[in-house]
Amino acid sequence: MSVELVPVLSRAEIEQKVKRLAERVCRDYDKEELVVLGILKGSFIFLADLVRELTIPVQIDFIRLASYGSETSSSGQIQITKGIELDIGDRHVLVVEDIVDSGLTIAYLLDYLKQFHPKSIKVCTFIDKTEHREVQIPVDYAGHVVEFGFVVGYGLDFDEKYRTLPAIYHLKQ
Ligand code: IMP
Ligand code: MG
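The numbering used here numbers the first residue of the sequence shown as 29 and each following residue consecutively.
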């Protein structure tokens, strides 16, 4: 089967969008300390770029969520396969995700994190994909809105492929 990669965002456009997001985050937290919590694996590239643009003090942690479903959509059956390690009690937490699709992963995570009593929780995703949203969740920061389709590159994979592409593409089969 032939696969086509249709450009969505170039490396330069991604860089611009990350800078803009970082400026907003710095303004909003106004020198307050922040725990940046990345969701593995997809967010690691975006997170690495974002935190290097932040001028406020940050600590970094990761959580790994596995959702069982098809290769292109989440089932909503979510399991934590690596938990958080920092104490987020009474801290500001910024959850960093590669893409929000149905919203089920973020909804699950926000609910899970409540037990640690953070001071605040916000969500920052590089791509906000609106077509299949099933639950209303707060997307406080989004780099780019995509209405439909499946996107790869810049951390986003299809069956573990294309993650390391520096730009973002629509995957057309
Ligand atoms: P949600 O729970 O449906 O919001 O899905 C979140 C997860 O599904 C993301 O963290 C991605 O791992 C994966 N996902 C959803 N849409 C895409 C896409 O277009 N490209 C790559 N991964 C996607
Ligand atoms: Mg992901």
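For each residue, glycine too, the CB sits at the ideal point set by N, CA and C.
Item: Please list the segments of the alpha helix (DSSP H) lying wholly inside the region 123-194, counting only runs of 4 or more residues, in order along the chain.; Value: 132-141
Item: Please state the DSSP three-state secondary structure of F39.; Value: A small correction: the amino acid at residue 39 is Arg; Phe does not occupy that position in the sequence shown. Helix, per DSSP.
Item: Is E32 near ligand 1, going by C-beta to nearest heavy atom under 7 Å?; Value: no
Item: Anyone know if the C-beta pair for D89 and V63 falls short of 8 Å?; Value: yes
Item: What residue does the beta strand (DSSP E) around L62 start on, and which one ends it?; Value: L62 to L68
Item: So, Y190 versus V174, is the Cβ gap smaller than 8 Å?; Value: no
Item: Give a yes or no on whether the minimum CB-CB distance between D185 and chain B is below 8 Å.; Value: The question asks about chain B, but that chain is absent: this structure has only one protein chain.
Item: My output table needs one value for D77: the three-state DSSP class, helix, strand or coil.; Value: helix
Item: Less than 8 Å between the C-beta atoms of H198 and V34, yes or no?; Value: yes
Item: In the DSSP assignment, find the beta strand (DSSP E) that holds K200 and state where it starts and stops.; Value: I196 to K200
Item: In whole angstroms, give me the CA-to-CA distance for Y140 and P146.; Value: 11 Å
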